[in-house]
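S.K.:
In this note's numbering, the protein residues as written are 19 to 493.
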């Protein structure tokens, strides 16, 4: 039976997959990027070009996931399985390891901004990094964990409801700005070139990369849980449709924001910047509305990313990349060991959040850098597969994906990519244990050894840069 007609009883439906894609993608970035772009020194012209480049690039990545789902339906687990099939066991492991930690750090970032928004109503929580906030974050996190422990199908149903609930306030924001006639083309053009005497246009575009890629983190949600989809063919469709919907929403918000306030005003806004924008348009109730929308959005995104960050190590463990313990499931089929271990690590990060007084930007800095590696490897694997196809369109998409993947890593900058090495290298201990359980050498090929040596060399460079102050991983 073809993958187009195969049904998995009790699997996740197309609507459930679409809800996961949109719900996991629309999280904190949509409320923060107007201020983040301005703070990075990017004018509205560079922002729109940045969205165009990232939009086309991420569309290519979505199409890569779509075609890989059709051409390689036996590869379940998404980004991990693609990297392993293309570049070997250790590279595949690093893809899964990086994706796992990226999703975990994304959730910490969401929770930080969540309680910064709650702090607008209850000053007790401050800006989201004090003791009451850490306690509140822990409660929200464990509620999400309890839902995920009930099984993927049930938790994606809850995620779908929260996705609908978060989109409605965002649409209200857009309508209010339009009908209040707050958009000024003069202000938009004033912001177009960025600050006078600031960065060149090209550097402004590159400065948007980390934020625009961060804004699409989660777009691969349907691919990650492809092994639990009711119909395999739904995975690619949900990814592409979800992506296009989110991209249109992001461009509209960026365009409108740049016509409401100057770049200097946008850069000076607190978290979340969108609250300050709507307050500028309609008064204090606008900020309250945005903060409510942020709370709804981040609660839903936390659940969506919890599903994804616990599913990835489970799928990797089933093929032997992670320790066997990660394959343990409960009666609902939820990967209980992966869920519990992820929760413990998250709790450690939440405590560190308090002692370091970090903001959500620090965590999304790391999360974005970590996920660029799985994205890069997925794009390169699709290029390998595409070049073997007879279809010229597929070949073209494959080559484009490879080019965009290189641009994405280059544009992110050396600071972002080097800092992630601090989190990639420790994964060797988990990988070595998994190899030992299978009775295999830690490194079976010269490629695996070379990759590990390269990571160690990058770690030494990273430590040197941190020590000399050229890189500050904690912001």
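For glycine and all other residues, C-beta sits at the position ideal for the given N, C-alpha and C.
#1: For residue 345, which residues from the same chain have a beta carbon less than 8 Å from its beta carbon, with the 5 sequence-adjacent residues on both sides left out?
#2: Evaluate residue 48 with the Cβ neighbour count: other Cβ atoms within 10 Å of its Cβ, from every protein chain shown; 16 or more gives buried, anything less gives exposed.
#3: Just verifying my parser: in three-state terms, what is the DSSP assignment at residue 469?
#4: Quick check: the Cα distance between residue 342 and residue 61, rounded to an integer number of angstroms?
#5: Express the C-alpha separation of residue 127 and residue 309 in angstroms, rounding to a whole number.
#6: Roughly how many angstroms lie between the CA atoms of residue 64 and residue 451, to the nearest whole one?
#7: Would you grab the beta carbon distance between residue 184 and residue 44 for me? Rounded to a whole angstrom, and I think it's under 8 Å.
#8: Of the choices 393, 166, 107 and 385, whose alpha-carbon is the least far from that of residue 458?
#9: Using the DSSP secondary-structure output, state which residues sit across from residue 30 in a beta bridge.
#10: Kindly confirm or deny that the segment 66-83 and the segment 407-420 touch, where touching means at least three C-beta pairs closer than 8 Å.
#11: Taking the alpha-carbon positions, what's the residue 118 to residue 392 distance?
#12: Could you check how far apart the C-beta atoms of residue 264 and residue 71 are, in whole angstroms? I think they sit under 8 Å.
#13: In the segment 258-324, which residue ranges form an unbroken alpha helix (DSSP H) of at least 4 residues, counting only runs that do not cross its ends?
#14: Helix, strand or coil, according to DSSP, for residue 326 in the structure here?
#15: Would you say the segment 192-203 touches the segment 395-404, given that touching needs at least three Cβ pairs under 8 Å?
#16: Please say whether residue 131 and residue 8 have beta carbons closer to each other than 8 Å?
#17: Please state whether DSSP places residue 433 in a helix, a strand or coil.
#18: Could you tell me if residue 381 is buried or exposed, where buried requires 16 or more neighbouring beta carbons within 10 angstroms of its beta carbon?
#19: Quick one: is residue 444 buried, meaning 16 or more other Cβ sit within 10 Å of its Cβ, or exposed?
#20: Excluding the 5 residues preceding and the 5 following residue 477 in the sequence, name in chain order all residues of the same chain whose CB lies nearer than 6 Å to its CB.
#21: Pop quiz: residue 284 and residue 53 are said to be a contact at Cβ under 8 Å. What is the actual Cβ separation, rounded to whole angstroms?
#22: Can you give the beta carbon distance from residue 13 to residue 180, rounded, assuming they're within the 8 Å contact cut?
#23: Just to check my reading of the structure: residue 368 and residue 155 have Cβ atoms closer than 8 Å, yes? What is that Cβ distance to the nearest angstrom?
#24: Report yes if the C-beta distance between residue 225 and residue 278 is below 8 Å; otherwise report no.
#25: Please look up how many angstroms separate the CB atoms of residue 229 and residue 51, rounded, as I've assumed it's under 8 Å.
#26: Leaving out five residues before and five after residue 435 in sequence, what residues of the same chain have Cβ atoms less than 8 Å from its Cβ?
#27: Does DSSP put residue 444 in a helix, a strand or coil?
#28: Nearest-angstrom Cα distance between residue 485 and residue 259?
#29: Taking C-alpha atoms, which residue in 287, 288 and 252 lies nearest to residue 30?
#30: When you compare the CB positions of residue 34 and residue 178, do they come within less than 8 Å of one another, or not?
#31: Got a sec? Which residues, its chain only, sit under 7 Å from residue 133 by beta carbon, not counting five neighbours each side?
#32: Nearest chain C C-beta to residue 373 closer than 8 Å, yes or no?
#33: Just to check my reading of the structure: residue 167 and residue 419 have Cβ atoms closer than 8 Å, yes? What is that Cβ distance to the nearest angstrom?
#34: Would DSSP call residue 217 helix, strand or coil?
#35: Locate the alpha helix (DSSP H) running through residue 166, then write down its first and last residues.
#36: If you drop the 5 nearest sequence neighbours on each side, which residues of the same chain put their C-beta closer than 8 Å to that of residue 399?
M.R.: According to the data block:
#1: When the five nearest sequence neighbours on each side are left out, the beta carbons in the same chain lying within less than 8 Å of the beta carbon of residue 345 are those of 332, 335, 336, 353 and 355, in order along the chain.
#2: With 16 or more other Cβ atoms within 10 Å, it is buried.
#3: When DSSP states are grouped into helix, strand and coil, residue 469 belongs to the helix group.
#4: When only Cα atoms are considered, residue 342 and residue 61 end up about 50 Å apart.
#5: Each residue's alpha carbon lies about 16 Å from the other.
#6: When rounded, the distance between both Cα atoms is 46 Å.
#7: Confirmed, about 6 Å.
#8: Among 393, 166, 107 and 385, the Cα nearest to that of residue 458 is on 107.
#9: Answer is 247.
#10: In this structure the segment 66-83 lies against the segment 407-420, because at least three pairs of beta carbons, one per stretch, are closer than 8 Å.
#11: For residue 118 and residue 392, the distance between alpha carbons rounds to 10 Å.
#12: Not really, about 16 Å apart at Cβ, beyond 8 Å.
#13: Uninterrupted alpha helix (DSSP H) stretches at least 4 residues long and entirely within the segment 258-324 occur at 281-285 and 291-300, given in chain order.
#14: Here residue 326 carries a helix assignment [DSSP, helix/strand/coil].
#15: With the cut-off at 8 Å, the segment 192-203 and the segment 395-404 do not touch.
#16: Past the edges of the chain, shown from 19 to 493, lies residue 8, and the structure says nothing about it.
#17: Three-state result, residue 433: helix.
#18: When all chains shown are included, residue 381 counts as buried.
#19: A residue is called buried when at least 16 other Cβ atoms come within 10 angstroms of its Cβ; residue 444 does not meet this threshold and is exposed.
#20: Same-chain partners within the cutoff: 439 and 443.
#21: So it is a contact: roughly 5 Å between Cβ atoms.
#22: There is simply no residue 13 to check, as the chain begins at 19 and stops at 493 in what is shown.
#23: The C-beta distance from residue 368 to residue 155 rounds to 5 Å, short enough to meet the 8 Å contact threshold.
#24: No, they are not a contact pair.
#25: About 5 Å; that satisfies the 8 Å criterion.
#26: Answer for residue 435: 387, 390 and 427, listed in chain order.
#27: Three-state DSSP puts residue 444 in coil, outside helix and strand.
#28: If you take the alpha carbons of residue 485 and residue 259, they lie about 45 Å apart.
#29: For residue 30, the closest of 287, 288 and 252 by C-alpha to C-alpha distance is 252.
#30: A contact, by the Cβ cut-off of 8 Å.
#31: Excluding sequence neighbours, residue 133 sits near 143, 146, 151, 154 and 155.
#32: Absent here is chain C; the protein component of the structure consists of one chain.
#33: Their Cβ separation, rounded to whole angstroms, is 36 Å, which puts residue 167 and residue 419 out of contact at 8 Å.
#34: Here residue 217 sits in coil by DSSP.
#35: 149-167 is the extent of the alpha helix (DSSP H) around residue 166.
#36: For residue 399, where only same-chain residues beyond five positions count, the Cβ hits under 8 Å are 86, 100, 101, 103, 104 and 105.
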